[in-house]
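Engineer: Please read through the structure below; I'll follow up with questions.
In the numbering used here, the protein residues as written are 148 to 278.
And the structure:
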């Protein structure tokens, strides 16, 4: 099946016009429902995890989980933000059909991820007693 370049533009224009014609609350709800379901499952996971840790390890183990959780969430949030920003930059160059810059950005992202992994393994191996 082949498509013409104009087909994408027409489909994109139709989708954009539907967003402006429908009530905004329907669009926001349609966008927010998967986020809310994901948050619900995350909360259920954390609840079950805390029940298990509390039953198996006691108060001290549950306190450790509660103390470390914000640190882990900070790292997760940082790397999610970095990956989202890398995706924005990559797709800007991809949309401009500049494959050379896409390749350079991907190379930089791979370099960053590789070095971060080495840094964290170094910290884990040699800084374990400190942390």
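C-beta atoms are modelled at their ideal positions from N, C-alpha and C, and glycine is treated no differently. Computed from a prediction, not measured in an experiment: that's the story for all the values here.
With DSSP as the reference, label residue 231 as helix, strand or coil.
Structural biologist: helix
Engineer: Taking only three categories from DSSP, how would you classify residue 179?
Structural biologist: In this structure, residue 179 counts as helix in the three-state DSSP scheme.
Engineer: Alpha carbon to alpha carbon, how far is residue 187 from residue 194?
Structural biologist: 11 Å
Engineer: Which runs of the beta strand (DSSP E) spanning at least 3 residues fall entirely within the region 210 to 263, listed in chain order?
Structural biologist: The region 210 to 263 contains no whole beta strand (DSSP E) run of 3 or more residues.
Engineer: Just the Cα atoms here: how many angstroms apart are residue 170 and residue 190?
Structural biologist: 30 Å
Engineer: Rounded to whole angstroms, what's the CA-CA distance from residue 155 to residue 237? Just pull it up for me.
Structural biologist: Reliability fails at residue 155, whose pLDDT of 49 lies under 50, so the model's placement of it is uncertain and the value that follows must be treated cautiously. Residue 155 and residue 237 have their C-alpha atoms roughly 20 Å apart.
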